[in-house]
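Below is one structure, written out as structure tokens, with a few remarks after it.
Numbering (the numbering used here), first residue to last: 2 to 162.
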């Protein structure tokens with residue numbers, strides 16, 4: 002990979018990587034830092050990474066960097082960033098996107114990551130397995146379980162609309 006390939010990679014994949022990390026981390030600044038760190042690692046290994054595999058390398062690096070960050074810092078949330086809602090949750094009303102985001106947030110981290118990679122970013126099962134160091138079978142099981150949970154959580158479409 003040369004400098005032009007690297008710059009093209011930044012242009013093409015930085016937004017997608019940021020969205021993926023932000024959906025998992027829920028902190029814009031941390032997500033930006035993780036994207037920056039992922040691109041820094043790609044720059045260091047640019048001679049070893051083929052340009053065709055740069056997207057996969059970036060998402061793999063971003064995923065592992067995020068896991069390291071979570072393990073190191075935990076999922077601490079500042080009291081200033083928590084928003085309190087005065088109204089209670091009513092199953093009769095909802096914005097579908099809001100309910101879906103709430104449901105995805107309740108998934109275990111592994112299931113959340115594979116669902117986001119599959120349904121939001123469009124990766125194949127094999128690519129997700131490579132990114133997350135899981136087997137394809139594990140990826141399929143996690144996605145199946147996550148979708149089952151989401152289906153149960155959301156309930157019938159009449160309740161959401």
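Positions of the beta carbon are idealized from the N, C-alpha and C atoms, including for glycine.
What does a CB cutoff of less than 6 Å around residue i pick up in its chain, not counting 5 residues either side in sequence?
i: residue 10; result: 55
i: residue 37; result: none
i: residue 140; result: 115, 126, 129 and 130
i: residue 1; result: No answer is possible for residue 1: it lies beyond the span of the chain, which begins at 2 and ends at 162.
i: residue 154; result: 104
Short of 7 Å in beta carbon distance, which residues of its chain neighbour residue i, apart from the five on each side in sequence? Order them along the chain.
i: residue 81; result: Only weak support is given to the placement of residue 81: the predicted model assigns it a pLDDT of 43, under 50, and the question is left unresolved by the model.
i: residue 143; result: 111, 112 and 115
i: residue 96; result: none
i: residue 32; result: 19, 22, 23 and 26
i: residue 44; result: 7
i: residue 87; result: Low confidence applies to residue 87: its pLDDT is 38, below 50, so where it sits in the model is not reliable, and the reading given next is rough at best. For residue 87, where only same-chain residues beyond five positions count, there are no Cβ hits under 7 Å.
Given a cut-off of 9 Å, decide if residue j and residue i are closer than it, judged by their beta-carbon atoms.
i: residue 100; j: residue 147; result: no
i: residue 111; j: residue 136; result: no
i: residue 23; j: residue 60; result: no
i: residue 67; j: residue 102; result: no
i: residue 19; j: residue 64; result: no
i: residue 52; j: residue 6; result: yes
i: residue 47; j: residue 3; result: yes
i: residue 113; j: residue 106; result: yes
i: residue 70; j: residue 108; result: no
So the candidates are the options; which of them puts its Cα closest to the Cα of residue i?
i: residue 104; options: 32, 151 and 110; result: 151
i: residue 13; options: 35, 27 and 40; result: 40
i: residue 28; options: 75, 155 and 45; result: 75
i: residue 122; options: 154, 156, 30 and 57; result: 57
Among residues of its own chain, excluding the 5 on either side of residue i, which ones have a beta-carbon nearer than 8 Å to its beta-carbon?
i: residue 90; result: The predicted position of residue 90 is uncertain, since its pLDDT is 43 and thus under 50; no value can be drawn from it.
i: residue 138; result: none
*Scan the segment 15-47 and note each continuous alpha helix (DSSP H) run of 4 residues or more that stays entirely inside, going in chain order.*
29-45
*Which runs of the alpha helix (DSSP H) fall wholly inside the segment 112-155 and span at least 4 residues, in chain order?*
With a minimum length of 4 residues, the continuous alpha helix (DSSP H) runs that stay inside the segment 112-155 are 126-133 and 137-155.
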